[in-house]
Amino acid sequence: MPSSKWFPWDFLKSNQTIINSSKPGLYIFQFCDEFISHILLATMPRELTESGDYFKINASDITIDWLEEKFKTISLFGNNESYLVIEAQNLPANTKKWLEENPLEISNQFLILSFSKPSKNFEQLSKKMEAEFIRIDAPRFWEGLQHLEFICNYFKLSLPMNVKNYLLTALENTSYEFFQAINLISLYFPGGNDIKLEYIQKLIRPSKLDHFQLANLFCTKKRSHFFGMVSSKEIDFEQLRSLFNFMQGHLFKMMDTSYCDGKSRLSKYDREILSHAKAWTTDELQRESHLFGELEIDAKSKSALLKNKLRLEYLSSF
139 MPSSKWFPWD FLKSNQTIIN SSKPGLYIFQ FCDEFISHIL LATMPRELTE SGDYFKINAS
199 DITIDWLEEK FKTISLFGNN ESYLVIEAQN LPANTKKWLE ENPLEISNQF LILSFSKPSK
259 NFEQLSKKME AEFIRIDAPR FWEGLQHLEF ICNYFKLSLP MNVKNYLLTA LENTSYEFFQ
319 AINLISLYFP GGNDIKLEYI QKLIRPSKLD HFQLANLFCT KKRSHFFGMV SSKEIDFEQL
379 RSLFNFMQGH LFKMMDTSYC DGKSRLSKYD REILSHAKAW TTDELQRESH LFGELEIDAK
439 SKSALLKNKL RLEYLSSF
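Under the numbering used here, the first residue of the sequence shown carries the number 139, and numbering increases by one thereafter.
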């Protein structure tokens with residue numbers, strides 16, 4: 139069954155709660171990350187059925203016997219308990235297969251499966267099951283302000299515009315960065331009283347990687363400077379993955395600058411691409427692009443060896 143797709147703020151604008159308590163059934167959510175999941179699941183109605191609250195269970199604990207008992211067997215006592223299954227990406231393979239092959243007819247209960255991050259299991263289930271599938275997509279890179287304000291609203295915190303602008307330039311546009319920052323501000327400034335930019339600048343130091351600056355370093359053949367900066371900073375795996383993904387796209391543009399041909403006016407970025415491309419051969423660009431592809435895989439899998447690889451690239455650049 140096709141899934142409906144939303145950005146977090148659009149979903150909340152159209153739905154006061156994550157599900158309608160008057161419409162029992164099977165709901166399957168995929169969230170872009172655990173922080174957006176936490177915020178939206180917090181809107182869950184407290185009482186989903188006449189019998190009261192819902193129960194929370196981890197997907198790794200879901201068995202076929204449990205599903206049959208709760209949703210296939212008619213209870214003598216008229217049991218209509220509802221369940222929220224968290225971390226649905228960890229659903230055991232045999233349980234997932236059973237769900238695909240055994241349709242659940244739920245008329246007076248709620249069964250809610252929550253994927254806290256994108257998973258191929260969600261896509262597979264959506265093709266084989268009858269349910270309400272809802273996909274919450276990650277904010278796009280230019281939606282930093284909306285992303286930040288969405289998280290501020292969760293904390294019921296109103297920030298001055300100069301503070302918002304500072305956070306947008308100082309932090310990566312990720313739910314993790316924004317959630318941690320706003321949580322910290324709310325602890326230091328309960329109720330959002332007397333929030334001033336100079337206080338926030340001392341409380342939250344810049345941690346954002348400037349992809350364009352780093353790409354400029356690398357593409358002007360300052361390879362040692364690039365890997366020196368990347369290997370010496372405290373950078374989390376997601377930031378590194380994002381950087382390495384960006385570098386592959388950047389190098390690809392240098393390999394094929396024809397995308398500039400039809401433009402009536404070139405941006406500063408386009409002009410830099412054309413300038414940098416002159417200093418590289420196609421073989422060099424392909425080799426470096428392949429390296430960044432491998433580094434992205436290491437960052438995505440959170441390889442413990444990644445930092446050592448970056449240091450080796452730094453040392454081999456001299």
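From the three backbone atoms N, C-alpha and C, an ideal C-beta is built for every residue, glycine too. The structure presented is a predicted model; accordingly, all values stated were derived computationally and were not measured.
Check whether residue i and residue j have beta carbons under 8 angstroms apart
i    : j    : result
L295 : I323 : yes
S313 : I174 : yes
L433 : F382 : yes
F456 : S362 : yes
F193 : Y221 : yes
L251 : A226 : yes
L443 : A437 : no
L286 : K302 : yes
The alpha helix (DSSP H) enclosing residue i, as first and last residue numbers
i    : result
I379 : One detail in the question is off: residue 379 reads as Arg in this sequence, not Ile. First-last of the alpha helix (DSSP H) with R379: F375 to M393.
Y397 : Y397 -> no alpha helix (DSSP H), and no H or E assigned at all.
R343 : Run containing R343: none; DSSP gives neither H nor E here.
L260 : Just to set this straight, residue 260 is Phe in the shown sequence, not Leu. Here the alpha helix (DSSP H) through F260 covers K258 to K266.
E206 : I202 to F209
7 angstroms CB neighbourhood of residue i in its chain, flanking five on each side removed
i    : result
F279 : N311
I320 : I289, C290, F293 and L295
Q284 : W147 and P277
Spatial neighbours of residue i in its chain, beta-carbon cut-off 6 angstroms, leaving aside the 5 residues before and after
i    : result
I435 : none
A276 : C170
S198 : N228
L164 : L242, I244, L249 and A269
Beta strand (DSSP E) segment containing residue i, residue limits
i    : result
L249 : F248 to F253
Y221 : Y221 to I224
L242 : Element bounds for L242: n/a, residue is neither H nor E.
W144 : S142 to W144
F193 : F193 to N196
L164 : G163 to Q168
I157 : It is not in any beta strand (DSSP E) - I157 carries neither H nor E in the DSSP assignment.
E270 : E270 to I274
Inter-residue CB distance, residue i and residue j (contact presumed, cutoff 8 angstroms)
i    : j    : result
H414 : M393 : Incorrect: roughly 11 angstroms between the Cβ atoms, too far for contact.
M385 : F430 : 5 angstroms
L309 : F316 : 7 angstroms
Cβ neighbours of residue i in the same chain (closer than 8 angstroms, five flanking residues each side left out)
i    : result
T201 : P230 and T233
F209 : L242, I244, Q247 and L249
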